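Student: Per UniProt numbering, the sequence shown starts with residue 1, numbered consecutively.
Ideal Cβ positions, reconstructed from N, Cα and C, are used throughout, including at glycine.
Just so it is clear, the structure is predicted and the values come from calculations on it, not from any experiment.
First, the structure itself, so that you have it in front of you.
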Amino acid sequence: MNMNLKKECFNFLTEHLTTTRTYTLEHNNIFHVMDSQFIVAEVLDASDEELYTILDILRKMEPSQDNLHQFLSHMAALYISVNVNS
């Protein structure tokens with residue numbers, strides 16, 4: 001694992017993400033509640049290939065709280081669709 005990618009992602013999120021939020025999502029008629037801190041931990045646990053893509057998105061983004069939380073909300077939706085049995 002490339003620790004530089006993980007460190008850069010961690011540093012970016014630590015510097016720019018100063019608020020926490022809870023995301024409520026529906027998947028297959030089931031509501032899921034996820035905390036932004038959980039999704040950040042999952043993002044930091046991503047593979048090098050995934051981190052490269054995530055960092056590419058983050059670098060191009062205006063790092064406002066709303067933008068970052070919108071991105072994390074999308075990551076939460078992906079997490080649910082991949083990890084929750086249909």
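Looking at the secondary structure, which residues open and close the alpha helix (DSSP H) in which E42 lies?
Tutor: Translated into positions along the sequence shown, residue 42 becomes position 42. Where E42 is concerned, the enclosing alpha helix (DSSP H) stretches over 36 to 44.
Student: Where do the N-terminal and C-terminal ends of the beta strand (DSSP E) with E26 fall, by residue?
Tutor: Taking the sequence shown and counting its residues from 1, one reaches residue 26 at position 26. From DSSP, the beta strand (DSSP E) with E26 extends over 22 to 27.
Student: Given a cut-off of 8 Å, decide if I54 and V40 are closer than it, judged by their beta-carbon atoms.
Tutor: For the purposes of this step, residue 40 is identified with residue 40 of the sequence shown, where counting begins at 1. For the purposes of this step, residue 54 is identified with residue 54 of the sequence shown, where counting begins at 1. Taking 8 Å as the Cβ cut-off, V40 and I54 do not qualify as a contacting pair.
Student: How big is the Cα-Cα spacing for Y52 and F31?
Tutor: Stepping through the sequence shown from its first residue, residue 52 is reached at position 52. Stepping through the sequence shown from its first residue, residue 31 is reached at position 31. Cα to Cα, the separation comes out at about 30 Å.
Student: Got a sec, what are the start and stop residues for the alpha helix (DSSP H) M61 sits in?
Tutor: Numbered from 1 along the sequence shown, position 61 holds the residue referred to as residue 61. From DSSP, M61 is part of no alpha helix (DSSP H); its letter is neither H nor E.
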